[in-house]
Every structure is written in C-alpha cells, then in structure tokens.
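Beneath this line is the structure, given in structure tokens, with notes to follow.
Protein chains in written order, with the numbering used here: chain A, 11 to 359; chain B, 11 to 359.
Okay, structure coming up:
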C-alpha cells in the first residue's frame with residue numbers, strides 16, 4: 011500500500027495509492043483525502059467540504075441553476091478529461107441561459123481501487139478549468155463505491171449563475187426569420203473520445219473542443235445583440251439541439267449543409283466509422299438564434315473570439331415545415347433531420 | 011423487451027422494461043424516458059429537463075448551497091429508499107445552515123439493465139419526499155452507464171436555500187457553556203440498511219430514521235432560540251459530527267452516554283454486529299448547539315415536533331480538553347471518543 015514518491019501528487023508515501031472504501035466513510039481517511047486532494051479546490055475554508063453548505067452572497071434576484079453528471083469513458087482523452095468536461099459542461103449550461111457563472115458544486119463518486127494520481131490529475135484539471143471559466147467551487151461531496159460498481163470517477167456538478175439583463179433567452183423567444191449561427195467546427199469532442207476508446211489512430215490528431223462559453227455569450231449580450239435562444243450541442247449534437255427547439259417552438263429550422271463547419275479530418279473519421287457529424291457530441295459548441303438583421307454583427311463577434319474563427323451562419327428559422335429540421339444538402343436536395351432513436355456514442359460526456 | 015402491463019408504472023407495454031444505454035443518449039429514447047418518468051417530478055415545464063437551466067426568482071441575498079451524492083446499497087430498505095435519502099439528505103444539509111429549502115437539482119446515473127419499475131418507484135419517492143420537505147425540483151440530468159459499471163441508481167442532489175435570519179449557524183459560533191441537544195434516538199438508519207444488506211432479521215423491525223429536518227430548525231429559529239450550530243449525524247454518526255466541531259472550534263464536547271437515546275432493539279442489533287451506535291449513520295438526526303440557558307426551551311420545541319419525542323440534552327461544550335470529545339460512560343468513567351480510521355458501514359447513504 012505504499013509507493014515511491016510521486017512529485018505531481020502530494021500524498022505522503024505512507025498513504026494509500028488507491029482509493030479505499032473507507033475514503034468515503036466520514037472517518038479519518040476521508041478527512042485526509044479532503045485535506046490533501048480536495049481542500050485546495052474550494053474557494054475558501056468557510057466553504058470547505060467539512061461543512062454542510064456554502065453560504066453565498068448573491069446580488070441578483072434572477073438566478074440560473076443547472077446540474078449535469080459526467081460519466082465519460084475514458085477519463086482522460088485527447089484535448090481534455092472528465093474534470094474539464096464537468097466544469098465546462100455546467101458553466102456552458104449556465105451560459106446558454108444567458109447567465110454569468112457564479113458558483114459550482116462538485117459531487118464525486120469514486121470507485122474503490124482508483125489510482126490516487128488519476129484522482130489528483132482530474133482534480134487539478136477541475137481547479138484549472140474553474141479558474142479559466144472564472145467560477146468558484148464552493149461546496150462538494152465524495153462517495154466511494156465498491157470495485158466493479160462504478161467506473162473510476164463519475165462527477166456531478168451543479169452551478170448557479172446570475173442573469174443581469176432583460177433578455178429572455180429561451181426557445182419561447184425564437185421567431186421565424188431568426189438566423190441560426192454556430193460558433194465553430196462540429197463533432198471533434200465525440201470523435202476524440204471515440205478514437206481514444208476504440209484505439210483508433212487518425213492521421214491528424216483530433217482533440218476535443220471542450221471549452222467554456224460564458225465569455226463569448228457575455229460579449230454578444232454586452233454588444234446589445236438581441237439573443238433569442240442559445241443551445242449547446244452536447245449529447246445528440248447539432249441535430250438533437252435543433253430538433254428540440256423545432257419541436258418546442260413548432261417552427262422549422264432550415265439549415266444548409268455546405269455552411270456547417272466540420273474539419274476535413276473529422277468528416278473523414280466520421281465517414282470511416284459510419285457516424286454523422288451532425289449527431290456527434292460537442293463540448294464547446296453552441297447555436298445562437300438572433301434576429302436576422304443582427305446576424306452579421308453576432309457572427310463577427312463570435313469569429314473574433316479566440317477559438318471560434320470557424321463560426322458560421324448555418325440557416326434560418328421559418329414557418330414552412332412546423333416542428334421539423336430541414337437540411338439542404340450539398341447537392342441541393344432537402345431532407346428531414348430527425349432525432350436518433352438511440353445513440354451513436356454512449357458515455358461521451 | 012416487452013412485458014405485461016404494470017399498473018404502477020406508466021410505461022406502455024411496447025416500451026423497454028429495463029434501462030438501455032440509449033436512454034442516456036440525447037435521442038428519442040431519452041426524450042421518452044424524460045416525458046414518461048421524469049417530467050412530472052419537475053416544478054413546471056419551464057424548468058423541465060429539456061432545458062439547460064432553471065431560472066429562479068430568489069428574494070434573498072444570502073443563500074445556502076450544498077451538494078451530496080447517494081450510493082446507498084440496497085436501493086430500497088426498511089423505512090426508505092435512495093430517492094427519499096437523496097431529497098432529505100440535501101434538504102437537511104440546507105437546514106443545518108439555518109436555511110429554508112428553495113430549490114433542488116436532481117442528477118441520476120443509471121446502470122444499463124435497471125428495471126424500469128424500480129426507477130419508477132425511486133422517482134415517485136423523490137417526488138413525495140420533495141413535496142413533504144416543501145422543496146421544488148427545478149433542474150435535472152440523467153446518464154446511463156454500461157452494465158457492471160454502476161450499481162442500479164446513483165443520485166446526486168444539490169440544493170439552494172435562503173437564509174432570512176441574522177444568526178451565523180456554524181462551528182465558529184459554538185461557545186463553552188453551550189448545551190448539546192440531539193433530536194431523537196440514534197443509529198436506526200445504519201442498522202436498517204445493514205440488516206437488509208446482510209439479510210439479518212431482528213425481532214422488531216428497525217426502520218430508517220430518514221426525514222426532513224427543515225421544519226424543526228425553523229421552529230427553533232422562529233422561537234428566538236439563539237442557535238449556534240447544527241450538524242446532521244450522517245456518515246460517521248454522532249461521534250464524527252462532534253469530533254469535527256471539537257476539532258474546528260478547539261473546544262471540548264462532553265457528553266453523557268446515559269443521556270444519548272438509542273432504542274433497546276437497535277442497541278442489541280449493534281452489539282450483535284460489534285458496532286458502536288455512536289458511529290452509525292442517521293438520516294433524520296442532528297445535534298443543536300444552543301446557549302445553556304435556552305436548552306430547556308429548545309428541547310421542548312424538539313420534543314413537541316412529530317417524530318422527535320425522544321430528543322434529549324446529551325452534554326455540554328467546555329474548555330477542559332481542547333479539540334476532544336469526552337464520553338462519560340454509564341458506569342461513570344470518562345473516555346475519548348475519536349474519529350474512526352475507516353468505516354463501520356460502507357455505502358450507507
């Protein structure tokens with residue numbers, strides 16, 4: 011149960027090198043784990059996990075509140091890891107409500123036998139990602155389950171954000187005539203995880219697109235773009251997001267395949283695996299619905315944002331085909347883009 | 011994949027009777043699951059899980075915020091189930107900060123192959139428990155992991171509460187001279203789960219003590235009891251809770267074994283299994299630290315509350331033995347009650 015000194019992981023050599031059931035028990039081992047690995051994640055000691063609740067001072071009556079669990083397999087993949095996803099994913103859900111990220115909670119479910127250095131790596135990634143997204147982690151909890159009853163690490167994050175503008179950013183605000191804009195090339199996250207999981211090697215490295223979206227959303231709002239709706243393109247990809255909005259608004263989303271940015275190597279990888287990039291998950295991509303006459307200005311703001319140079323105007327909302335997503339293909343034919351029955355890629359986030 | 015009509019579970023007979031990986035994919039199956047099992051858990055459709063974030067109107071600047079994951083095994087046990095625990099546990103963490111419960115998030119991690127009727131039962135329990143604790147569930151998320159990579163259902167809840175009084179209910183407010191009061195008999199939750207797990211039968215039924223604590227806490231505060239600190243007696247039991255507070259305040263907690271309520275059948279079951287009831291988890295029990303001269307009034311309020319008739323004054327805070335918990339045993343000897351190194355009972359919540 012002891013090992014050589016590992017310079018990247020602060021556990022003394024007398025400690026366990028793997029997570030034990032007792033680390034989740036409320037006893038001394040749990041307190042050691044909190045002190046040595048988790049405590050420095052938290053904003054200040056008043057909010058440390060030894061206490062039951064964080065106490066927050068929030069100067070807004072209008073809050074966004076969201077939760078997501080992360081079960082991605084493998085835990086670490088090209089361009090990211092489960093910790094980064096767990097922060098960005100929840101921060102992005104807040105951003106999609108037009109909220110400024112305020113506070114994050116962190117619930118870990120660890121599997122007995124998990125290597126401590128892996129836990130340390132993921133926790134460091136959580137800390138860095140929270141710093142990058144400028145959100146404070148204020149409360150947390152850790153449970154340990156028996157070997158074979160989990161899969162390394164599952165993470166739940168919930169987040170609180172403040173809404174400080176008068177816009178109602180929601181499907182109910184979408185109108186016929188709205189422009190549909192996507193903030194960058196699609197399908198990289200799903201393909202990066204898939205390649206890692208299946209041991210595939212592509213000629214060029216495909217890395218996850220995971221990134222925080224709060225800043226670019228605030229730039230749009232601060233520039234007085236009348237944002238009608240935002241939706242991140244996670245599980246089920248672009249197609250599922252547009253279908254959900256088409257269905258709840260009873261409007262039609264008409265998009266143009268030639269305008270949807272997909273990198274060539276990603277498109278080839280998708281073709282090789284029989285996957286449609288429009289259904290593949292992204293973790294740093296979203297669609298924005300804005301009034302048609304503000305589309306150019308909104309697009310310029312997105313393209314100016316680091317990492318979103320390939321943002322594009324991909325289509326329009328119409329009343330032609332209620333509740334449907336219509337894809338105009340490269341050869342000019344129209345087809346209905348439906349929800350998939352099942353999934354292309356399980357455990358992608 | 012089809013089954014007979016089950017009157018308690020609303021899935022049409024053409025549906026899957028077990029959770030499939032595709033139920034977590036963002037596609038049609040996931041939407042069916044949301045519509046049929048999850049949607050009615052949520053406060054209103056604006057906050058339905060199809061949307062990224064709930065938008066809350068909160069009329070308090072001072073919020074409590076907490077999170078907990080629940081991995082109890084078995085999922086259903088005498089006196090409760092994982093759904094009830096997941097609501098009460100988080101509601102109780104808010105209560106321990108002196109907060110009034112406002113909103114709850116719900117993150118489910120389901121294992122492929124989980125029986126739909128079990129999922130339905132747990133979700134119904136979540137709904138009933140949230141109603142009983144008068145908290146609204148406003149946002150949620152569901153993931154599915156492969157068979158053998160989870161254990162039926164794991165639940166994360168996070169909660170937001172409002173703090174509308176001037177008290178600072180925290181270990182830092184504990185003073186020498188404070189009375190320590192417990193709201194009822196100890197160790198039932200742990201023993202109920204343990205008995206179920208190990209297939210033990212006791213002469214009398216031992217059922218979990220899980221219940222919401224918000225109302226009794228509000229009654230104390232509304233009666234102008236100057237509550238210094240509250241702590242629920244979950245993982246690690248009374249002993250761990252008192253040790254954490256002794257350690258953070260550098261004061262001494264002196265308690266009297268004869269005054270600690272433990273039912274006779276529970277004490278016998280503990281003895282049979284070699285467990286100490288002071289370390290066994292409870293899910294509806296807490297200690298309150300109040301000024302010595304308000305102890306009788308606080309105790310009367312607790313004892314008047316349904317279910318807490320066995321509440322008792324169990325000891326005092328002193329400066330005699332800094333950072334230690336001292337137990338005066340029934341035969342009059344004093345001993346130090348330490349944190350356990352590991353755990354008596356893994357996966358108890």
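Each residue gets a CB set at the ideal place from its N, CA and C atoms; glycine is no exception.
Counted within 10 angstroms of its Cβ, other Cβ atoms place residue i as buried (16 or more) or exposed
i, result
"residue 251 (chain B)", "buried"
"residue 322 (chain A)", "buried"
"residue 355 (chain A)", "buried"
"residue 215 (chain A)", "exposed"
"residue 151 (chain B)", "buried"
"residue 119 (chain A)", "buried"
"residue 141 (chain B)", "exposed"
"residue 349 (chain A)", "buried"
"residue 160 (chain A)", "buried"
Within 8 angstroms, strictly: CB atoms of residue i and residue j
i, j, result
"residue 220 (chain B)", "residue 90 (chain B)", "yes"
"residue 7 (chain A)", "residue 149 (chain B)", "Given a span of 11 to 359 for chain A in the structure shown, any question on residue 7 (chain A) remains unanswerable."
"residue 190 (chain B)", "residue 299 (chain B)", "yes"
"residue 165 (chain B)", "residue 224 (chain B)", "no"
"residue 288 (chain A)", "residue 247 (chain A)", "yes"
"residue 175 (chain A)", "residue 108 (chain A)", "yes"
"residue 270 (chain B)", "residue 346 (chain B)", "no"
"residue 244 (chain B)", "residue 133 (chain B)", "no"
"residue 332 (chain A)", "residue 260 (chain A)", "yes"
"residue 97 (chain A)", "residue 139 (chain A)", "yes"
"residue 188 (chain A)", "residue 302 (chain A)", "yes"
"residue 63 (chain A)", "residue 74 (chain B)", "yes"
"residue 129 (chain B)", "residue 163 (chain B)", "yes"
Span separating the alpha-carbon of residue i from that of residue j
i, j, result
"residue 177 (chain B)", "residue 237 (chain B)", "7 angstroms"
"residue 68 (chain A)", "residue 232 (chain B)", "24 angstroms"
"residue 99 (chain B)", "residue 106 (chain A)", "29 angstroms"
"residue 339 (chain A)", "residue 195 (chain A)", "17 angstroms"
"residue 308 (chain A)", "residue 168 (chain A)", "29 angstroms"
"residue 12 (chain B)", "residue 344 (chain A)", "Below a pLDDT of 50, predicted positions are generally treated as unreliable, and residue 12 (chain B), at 36, falls in that range; the measurement from the model is reported next regardless. Roughly 36 angstroms separates the two Cα atoms."
"residue 147 (chain B)", "residue 342 (chain B)", "49 angstroms"
"residue 37 (chain B)", "residue 29 (chain B)", "14 angstroms"
"residue 249 (chain B)", "residue 156 (chain A)", "24 angstroms"
"residue 334 (chain B)", "residue 53 (chain B)", "45 angstroms"
"residue 200 (chain B)", "residue 206 (chain A)", "42 angstroms"
"residue 33 (chain A)", "residue 275 (chain A)", "44 angstroms"
"residue 72 (chain A)", "residue 113 (chain B)", "13 angstroms"
"residue 230 (chain B)", "residue 262 (chain B)", "24 angstroms"
"residue 144 (chain A)", "residue 272 (chain B)", "48 angstroms"
"residue 7 (chain B)", "residue 111 (chain B)", "This structure cannot settle anything about residue 7 (chain B), because the visible part of chain B is limited to 11 through 359."
"residue 292 (chain B)", "residue 197 (chain B)", "6 angstroms"
Short CB-CB distance (under 8 angstroms) between residue i and chain B
i, result
"residue 220 (chain A)", "no"
"residue 356 (chain A)", "yes"
"residue 157 (chain A)", "no"
"residue 168 (chain A)", "yes"
"residue 164 (chain A)", "yes"
"residue 204 (chain A)", "no"
"residue 36 (chain A)", "yes"
"residue 288 (chain A)", "no"
"residue 144 (chain A)", "no"
"residue 12 (chain A)", "Note that residue 12 (chain A) has pLDDT 36, beneath the 50 cutoff, so the model's placement of it is unreliable and no number is given."
"residue 245 (chain A)", "yes"
"residue 69 (chain A)", "yes"
8 angstroms Cβ cutoff, residue i in contact with chain A
i, result
"residue 60 (chain B)", "At residue 60 (chain B) the pLDDT is 46, less than 50, meaning the model places this residue with poor confidence and gives no usable figure here."
"residue 199 (chain B)", "no"
"residue 77 (chain B)", "yes"
"residue 207 (chain B)", "no"
"residue 81 (chain B)", "yes"
"residue 242 (chain B)", "yes"
"residue 63 (chain B)", "yes"
"residue 113 (chain B)", "yes"
"residue 98 (chain B)", "no"
"residue 225 (chain B)", "no"
Contact set for residue i: own chain, Cβ-Cβ below 7 angstroms, skip 5 residues either direction
i, result
"residue 193 (chain B)", "226, 295, 296, 312, 318, 321"
"residue 357 (chain B)", "81, 82, 83"
"residue 239 (chain B)", "179, 180, 181, 183, 184, 255, 299"
Beta-carbon contacts of residue i that lie in its chain and below 6 angstroms, excluding the five residues immediately before and after
i, result
"residue 115 (chain B)", "149, 168"
"residue 264 (chain B)", "325, 326, 328, 336"
"residue 286 (chain A)", "none"
Own chain partners of residue i with C-beta closer than 8 angstroms, once the 5 adjacent residues on each side are dropped
i, result
"residue 88 (chain A)", "202, 205, 206, 215, 216, 217, 218"
"residue 40 (chain A)", "32, 33, 34, 152"
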